[in-house]
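Residue numbers (numbering that gives the first Met the number 0), protein chains in the order written: chain B, 0 to 363; chain Z, 0 to 181; chain S, 0 to 79; chain A, 0 to 242. Just so you know, even glycine gets a beta-carbon here, dropped at the ideal spot from N, CA and C.
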Amino acid sequence: MSATTAPGHTETGKKLLLKGNELMVRAAIEAGCRFFAGYPITPQNEVPEYMSQLMPKVGGTFVQAESEIAAINMIFGASAAGARCMTSSSSPGISLKQEGISYIASAELPCVIANVQRGGPGLGNIRASQADYFQAVKGGGHGDYRLIVLAPASLDELQDLTMNAFDYADYYRNPVMILADGLLGQMAEPVDARPYEPILELPEKDFVLDGCKGREARVIKTLFLRPPKALVTHNMRLQKKYETIASELQLCENVQTDDAELVIAAYGMTARIAKGAVDMARQAGMKVGLIRPITLWPFPGPAFMEVAGTAKKLLVVEMSSGQFIEDVKLATECNIPVEFLGMGGGWYPTPENIFEKISAIYDK
Amino acid sequence: MTKEMKLVIAGFGGQGVVVAGNILARACMAEGKNITGMVSYGAEMRGGTANSTIVISDTWIASPIVEKPDVAIVLNQPSLDKFEERMAPKGLIVINTSMTEREVERADLEVIKVNATEIAHQLGNVRVANIVALGAFLGHTHILEMSSMIGAIEALFSQKKPGLIEINDKALRAGAEVMVNA
Amino acid sequence: MANIKFDKERCKGCCLCVAECPRGNIRMSEILNKTGSIYAEVIDEGDCNGCALCCQMCPDMAIEIEEDEKQTCCEKGSEK
Amino acid sequence: MEFKKPTSLLDVPTHYCPGCGHGIVQRLVGEVIDELGIREKTIGTAPVGCAVLLYDYFDCDIIECSHGRSPAVATGIKRVLPDRVVFTYQGDGDLAAIGTAETIHVANRGENITIIFVNNAIYGMTGGQMAPTTITGQRTTTTQEGRGQNQEGPPLKVCELLASLDGVTYLERVAVSTPKDIMRAKKAVKKAFQNQIDEKGFSLVEVLSMCPTDWKVSSTAAVDFVNNEMKEVFPLGVFKDEK
């Protein structure tokens, strides 16, 4: 499968000024992504646009699908055929892809799915949002499955996590979601273009359907009717895999949490904005820190438990109305008071907003 | 330069606010400054107000969002109406007097006036009014070296539209001249 | 004479072969096979000319004709 | 003459009901794969519907797809592996109802794949509800008074619909209700696969087929229904054959 997994061929070592969406495309292609199918939706339109420009240059395939549903199913096929592949969309489009994501998860096919979240429910708006948290980490499609969910907070990290996402997908044979938002997708900041290096020792793709020459015919399926317990057996094996992933892949960043009395919990762009508020609070003499999960699933529970043992209070900030906070409370087993600053979909906090909230609750 | 400068360039779609923002961002990048950039359009793709926002800083930047700009470069009347009231106290506003119909009303703002579209017209291409205004801003603040700006212009146009490098260079210098002479 | 073979365990008893045989040489059994179905069987092996219309029509691939060196190929089948 | 089961099919009985046409269609596809010698480079897609267990019968690589999405999945496979032979096998609900968009667009893109479309005018697996191809007046569990009484519209004619698309190379409607039709159907299926091998583009063969169980008739009456009723509504023939 060398034609489809050979990495590289984008310029590395240069300082880039690209929008997040464009950078994600560059990183994906650098990591060997050779098949992309997608459908336009704001604020992720630069992804298919840039893919359509870059893919032909590396001998890859870009398909503008007739629908999000078709796009995710093209990914299902391309992954089964052995390609490193990716699709992207924004919230309403991800809802449409849920069916296919469930099938891909059950069939244990590797792929990368980016959600550049916008406001919802419904058509919502086209600004940034984090309101698809539940959908991403709890499974928006049917059945017991898990996505590995990565939440970058800067373009530099977006570049790294996009590349790593392909490795996680191949290593665990599981779909990986990059949970970005409209802010991250639309902003530009300087990034050093780095070359792709695999971070894991990747297994042989012994599931690929490429014709049964010299081997037994293979089947990729998600229907388990016979024997009666076939589905249970399959699902238990999946759960075991999820347990392995949960024990091996928890990424989290702590910022000044060692002496912090108040720790902000936030992820993605919200965490970055909150970091500005941490700086402001420290300058005002308040001991405030930040804990930021980088993997939303698996959720870095132990890291949160640790903070719950040292801080007096947590403040959850999210661009949604109370989704992420549930995982924070679960992870800390309600051992610590949790305050909340949420923004209903489609609007973002500023460092000043968060600082104001910190000031209001710090001594209470 | 202050620790962090939040800047907006606003005008009609088609007045080149995105290009101006891009050039400014690249020049900052060349000088090793931290920057973030965003572009937003009105709901309609053409004819509404488009704006390009840039945060420039010597340290890391928490948020790329510019809610209260320290600097606004406004190229038309709707943008003046929209951003004057939103500006941070004592901010700097550069207005294109060729396309605005009134004076700046807020007393706390520092105002730079430049008839950018007329100057661009005299140079032979009204579409470089954006760069004239940018030149006026830089001629006043000197936050960047002219050579960084010219380098950014060359980098941006050299591949696809090399013919536009010269006129953009001229526009930049003409804008800066207005400030020297003011 | 053709070397026709009915796999009675594959047969589901749809009877399409019976209707199709130009010689009326196929009948359904009076007893059931292992799957509980009546099954098709040839009445007189000697009377089968190997036209294979029954094979064509059988949805279950339950009828096969083995090569018989003496038999010359009869592509179109039906000859009455 | 000799008549044997094709070797690209596994030697197992199928789960289809007595008199169901799927067994015939699958045999034809198997024979064609044998004759073209492409078993080891063929990847098939299984639909949702009665043919979902296709992989239990074909001895080649098969991927099972969600309802109606086979053409999209096949697109993904074919674009990654353009030198393999990719076919979808779909029923009328899969291809002409829930998967209409995928069908039209895979055809319009002119994907170099082969579609075998089995039209039996009813939803088989779920127990006999109206299909997009159920004919006017036909009674089903969801059109108890016959199709057309309740704004169901007339049956959808897939070949006629796709014939207007410039991206399409080959369209033919055949039947498996008589030995003569079956032999013609085989030729069409073979051509549809050969077109793909020759990189000619998108080919679809619509096969009118019997569903005695859900039509609630005998196997022989089902054959009569195809011959007398369905062929009237869905005329057999070549609808497009671009050289």
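Can you look up PHE11 of chain Z in the DSSP assignment and give me helix, strand or coil?
strand
Bridge-paired residues (DSSP) for LEU91 of chain Z
Z:VAL70, Z:GLU109
What residue range does the beta strand (DSSP E) around ASP191 of chain B cover?
187-191
Just checking: is the beta-carbon of CYS13 of chain S within a distance shorter than 8 Å of some beta-carbon in chain A?
yes
When DSSP labels each residue in this structure, what does ILE55 of chain Z get in the three-state scheme?
strand
With DSSP as the reference, label PHE233 of chain A as helix, strand or coil.
coil
Taking the alpha carbon of THR139 of chain A as the reference point, which residue from A:ASN111, A:GLN128, A:GLU231 has its own alpha carbon closest?
A:GLN128
Going residue by residue through the segment 16-55 of chain B, where are the continuous alpha helix (DSSP H) segments of at least 4 residues, counting only ones entirely within it?
19-29, 45-53
Out of curiosity, what's the CA-to-CA distance linking VAL315 of chain B and PRO42 of chain B?
25 Å
So, is the C-beta of ASP46 of chain S closer than 8 Å to a C-beta in chain A?
no
Starting from the Cα of GLY210 of chain B, find the closest Cα among A:CYS16, A:ASP58, A:THR13, A:HIS14 and give me that residue.
A:ASP58
DSSP state of SER202 of chain A, grouped into three classes?
strand
Per DSSP, which residues does CYS110 of chain B bridge with? Please list them.
B:PRO174
Range of the contiguous alpha helix (DSSP H) that encloses MET129 of chain A
Element bounds for MET129 of chain A: n/a, residue is neither H nor E.
Looking at the C-beta of ARG271 of chain B, does it have a partner C-beta in chain Z at a distance below 8 Å?
yes
Evaluate THR3 of chain B with the Cβ neighbour count: other Cβ atoms within 10 Å of its Cβ, from every protein chain shown; 16 or more gives buried, anything less gives exposed.
For THR3 of chain B, the predicted model reports a pLDDT of 33, less than 50, meaning its position is unreliable and no value from the coordinates is stated.
Would you give the residue range spanned by the alpha helix (DSSP H) that LYS189 of chain A belongs to?
178-196
So is HIS104 of chain A buried or exposed if we call it buried at 16+ other beta carbons inside 10 Å?
buried
Just the Cα atoms here: how many angstroms apart are GLU43 of chain Z and THR140 of chain Z?
Interpretation of GLU43 of chain Z is limited by its pLDDT of 45, a score under 50 that renders its predicted location unreliable; the figure taken from the coordinates is listed afterwards. In a straight line, the C-alpha of GLU43 of chain Z is about 33 Å away from that of THR140 of chain Z.
Assign ASN107 of chain A to one of three DSSP states: helix, strand, or coil.
helix
Return the bridge partner residues of PRO292 of chain B from the DSSP annotation.
B:CYS251
Taking the straight line between their C-alpha atoms, what separation do you get for VAL218 of chain B and PRO161 of chain Z?
55 Å
What span of residues does the beta strand (DSSP E) with THR35 of chain Z cover, start to end?
33-39
Cα-Cα separation between THR99 of chain Z and GLY99 of chain B, rounded to whole angstroms
53 Å
Reduced DSSP category for MET145 of chain Z - H, G, I as helix; E, B as strand; rest coil:
helix
When the Cα of VAL73 of chain Z is compared with those of Z:VAL125, Z:ALA151, Z:GLY15, which residue comes out closest?
Z:GLY15
Which residue's Cα is closest to the Cα of LEU27 of chain A: A:THR44, A:ILE115, A:GLY200?
A:ILE115
ARG26 of chain A - DSSP class collapsed to helix/strand/coil
helix
To the nearest angstrom, how far is the alpha carbon of ALA174 of chain A from that of PRO109 of chain B?
40 Å
Of the residues B:GLN249, B:ILE357, B:GLN238, B:PHE206, which one's Cα is nearest the Cα of GLY284 of chain B?
B:ILE357
DSSP beta-bridge partners for LEU157 of chain B?
Answer is none; LEU157 of chain B lacks a bridge partner.
Give me the chain Z residues within the contact set of GLU48 of chain B, using Cβ-Cβ distance strictly less than 8 Å, ordered along the chain.
In chain order: nothing, as chain Z lies at least about 14 Å away.
Any beta strand (DSSP E) of 3 or more consecutive residues that is wholly inside the segment 36-106 of chain A:
41-45, 60-63, 84-90
Is there at least one Cβ from chain S nearer than 8 Å to GLU218 of chain A's Cβ?
It is Ser, not Glu, that sits at residue 218 of chain A in the sequence shown. Yes, its Cβ sits closer than 8 Å to a Cβ of chain S.
May I have the straight-line CA-CA distance separating VAL113 of chain Z from ILE130 of chain Z, to the nearest angstrom?
11 Å
Look at the alpha carbon of MET182 of chain A and the alpha carbon of PHE133 of chain B, and state the distance between them as a whole number of angstroms.
55 Å
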